[in-house]
Structures are given as structure tokens and as C-alpha cells.
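Asker: For the sequence shown, the residue numbers in the working numbering are 137 to 412. Please see the structure below; I have some questions.
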Amino acid sequence: MNGILQVKEPKDLALCRDRLCRVLQEMRSVGVAYSGGVDSALVMWMAHDLLKEAAIAMTSISPTFPVSQLEEAKALAARRGIRHLFVESDELTIPGYVENGPGRCYLCKHDLYTKMGHLIRREGIAWIADGTHLDDLGDVRPGLTAARQLGVRSPLVEAGMNKADVRALSRQLGLSTWDKPASACLSSRFPRGTRITHERLRQVEAAEAVLQQAGFRQFRVRYHDAIARIELAQDEFHQVLDVQCRQTLMAQIQACGFTWVTLDLAGYGAGSPQSL
137 MNGILQVKEP KDLALCRDRL CRVLQEMRSV GVAYSGGVDS ALVMWMAHDL
187 LKEAAIAMTS ISPTFPVSQL EEAKALAARR GIRHLFVESD ELTIPGYVEN
237 GPGRCYLCKH DLYTKMGHLI RREGIAWIAD GTHLDDLGDV RPGLTAARQL
287 GVRSPLVEAG MNKADVRALS RQLGLSTWDK PASACLSSRF PRGTRITHER
337 LRQVEAAEAV LQQAGFRQFR VRYHDAIARI ELAQDEFHQV LDVQCRQTLM
387 AQIQACGFTW VTLDLAGYGA GSPQSL
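Given below as C-alpha cells:
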């Protein structure tokens, strides 16, 4: 498959869309917490289609959000003519965040949604919406606790949609994000208890940019001090069997500040242990 997703269209896709439309229309106005990923992009697209100027996109600019993803998010919103506002944040200034304990995601999302709450009130917007879907509810996601505490709504959950539904509806609507690989903040690359710093975040971001420029689609660079542990989708393993590709990747990732570069034979896995 070479990293290309194969999505089977759900039989009730029209019903999913109708339910999502009803949820968003009931909101009347909404600010979508928008990262440019497949889930929040669908919510943003549908909200703008239904609510026009009463729907805005909100994106965090922070050291944990890769610059490449930020630019992609900006470009997609601009193509749709959606009003796109930004929240400046630096999670590393939040007490307890850099220690990377079990509550890291909670601290981040509580800070972010609090700032977004101030923003929507200034704009006269009623709700914040995120891109959480049904499959997310089975994962360990402390950030969801913060979202619920602060009144953030999840239209995809309310519409009964899972990840397959999101991708299939996105494809039907012609969104370029329909097969976009899963993404997560850069802090998820660090094992629990490993201190997070600006320098280390930039180191991981630079190493992942190497993989992206080499044509890999689904990957992570996990930080282990002097070691960069690379996770690739298993159907992309064959690319690193080429000696020239492997040597080039090793040299470029070492140039990012790592001494050793390793390939995780288990392959890419969302929610790698101790990464949340």
C-alpha cells in the first residue's frame, strides 16, 4: 500500500453527514479547535459550510506544534475562505508540564481551551468544538477531561462517527485531508518522565522533517536522549532496506543532534507506550 490508506465507505455515510449537520446547526456558532488534521478539518469544513461567518477556525501556535503542520492548516483554511484565528501559547511555561508526567496532556488542553474560551467570547461565538471521534474515547486521553470540564463539544462523537466514518465522509466531500496520516503534538515523542525542552522539541521536529522530505508518510521519531528511535508504517520498511537511503537518513538525523539512529521493528503505533 506504500502508506496509502484504503477506506471502505460506511453504509450509513449519509446518515453520519445528516447527524453531523444537525449537531452543528444546533450550535448556531462555533470556533473549531483546528490542527489541520483529518478530524478537525472535517468539523471545520462542515461548520463553515453550514454556519458561514458564524464558524471560525482556531489554531494554537506553540513550540509543540510542528511548523510544517501549521502551514498546512493555514493553507487549507485559506483555500476554503474560512476565518482563521490563532492562539499563542507555550506549554513549557505551564507549571508541571516540562516534567512530562501523566497529567501533561491535561495541563496542555486546559490551558489551550481556556485561551480559546477567551477568544470565542470576544468574537461572540457560542461554542468550542474539537475533532474527537468515537474511537478516541477508547484511548487514554487526559486532554478529553479538560475539554469536558471547559464545555468543549465534540460534534463527531455527538453524530456517532468513528475514524472510518470521518475519512470516508472527508473523501466524499473532496477534502485533501481524507487520507492524511495521524498526527500528535511533538511532546508525545518523549517517554513519560523525560524532561521536555525547547531544544529537544526542535531536535525531534528536525529529525521528522528528514523523514517527511524522504517521502515517508506515517512515522514518529521517539526521543531517547542520544538515541532517535524511528517508527515507520510496516509497509514503508522496504525503503530503508536500500543502503543509500539508510545511510543518508542516518547522517541527516545524526546532524539533528542524535548520536545513534535506530529502527523500531514493531513499526509505527499510535499512542506508543508512555507517550501520552
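Ideal Cβ placement from N, Cα and C applies to all residues, glycine included. Predicted, not measured: the structure shown is a model, and the values here were computed from it.
Just to confirm, are residue 266 and residue 290 a CB contact at a threshold of 8 angstroms?
Answerer: Result yes, Cβ atoms of residue 266 and residue 290 sit closer than 8 angstroms.
Asker: Pick out whichever of 196, 220, 205 has its Cα sitting closest to the Cα of residue 251.
Answerer: If we check each option's Cα against that of residue 251, 196 comes out closest.
Asker: Determine the extent of the beta strand (DSSP E) in which residue 396 is found, giving its start and end residues.
Answerer: Note, residue 396: beta strand (DSSP E), 396-399.
Asker: Drop a sphere of 10 angstroms on the beta-carbon of residue 158, count the other beta-carbons inside from all chains shown, and report buried for 16 or more, exposed for fewer.
Answerer: Looking at its Cβ environment, which holds fewer than 16 other Cβ atoms inside 10 Å, residue 158 is exposed.
Asker: Starting from residue 181, follow the alpha helix (DSSP H) in both directions and report where the run begins and ends.
Answerer: Note, residue 181: alpha helix (DSSP H), 174-187.
Asker: Determine contact between the stretch 161-172 and the stretch 206-218, defined as no fewer than three beta-carbon pairs at a distance below 8 angstroms.
Answerer: Yes: the two stretches touch, three or more of their Cβ pairs being nearer than 8 angstroms.
Asker: Using the Cα positions of residue 356 and residue 367, report the straight-line distance between them to the nearest angstrom.
Answerer: Going by the C-alpha atoms only, they are around 5 angstroms apart.
Asker: Is the beta carbon of residue 242 less than 8 angstroms from the beta carbon of residue 279?
Answerer: Yes.
Asker: What do you reckon, are the CB atoms on residue 198 and residue 235 nearer than 8 angstroms?
Answerer: No.
Asker: Within the same chain, show all residues whose beta-carbon is closer than 7 angstroms to that of residue 322, passing over the 5 residues directly before and after it, in chain order.
Answerer: Only 200, 202, 337, 340, 341 meet the Cβ criterion.
Asker: What does DSSP give as the partner residues of residue 367 in its beta bridges?
Answerer: Paired residue(s): 356.
Asker: Compute the Euclidean distance between the alpha carbons of residue 220 and residue 307, then round it to the nearest angstrom.
Answerer: Taking the straight line from one Cα to the other gives about 23 angstroms.
Asker: Determine which residues share a DSSP beta bridge with residue 195 and list them.
Answerer: Answer by DSSP bridge pairing, in chain order: 222.
Asker: Could you tell me whether the Cβ atoms of residue 186 and residue 161 are closer together than 8 angstroms?
Answerer: Contact flag set, yes.
Asker: Give the DSSP-derived three-state secondary structure of residue 424 in the structure shown.
Answerer: Nothing in the structure corresponds to residue 424, since the chain is present only between 137 and 412.
Asker: What number of angstroms, rounded off, separates the C-alpha of residue 413 from the C-alpha of residue 302?
Answerer: Here the chain comprises residues numbered 137 to 412, so residue 413 is not present and cannot be evaluated.
Asker: Let me know the alpha helix (DSSP H) ranges lying completely inside the stretch 219-303, each 4 residues or longer, listed in chain order.
Answerer: Qualifying alpha helix (DSSP H) stretches, in chain order: 240-259, 278-285, 291-294.
Asker: Take residue 331 and list the residues in its own chain whose beta-carbon comes closer than 7 angstroms to its own, dropping the five residues that flank it on each side.
Answerer: Hits under 7 angstroms: 234, 235, 236.
Asker: Quick test of your reading: residue 346 and residue 383, contact by CB under 8 angstroms. State the CB separation rounded to the nearest angstrom.
Answerer: The pair is not a contact, with the Cβ atoms about 13 angstroms apart (cut-off 8 angstroms).
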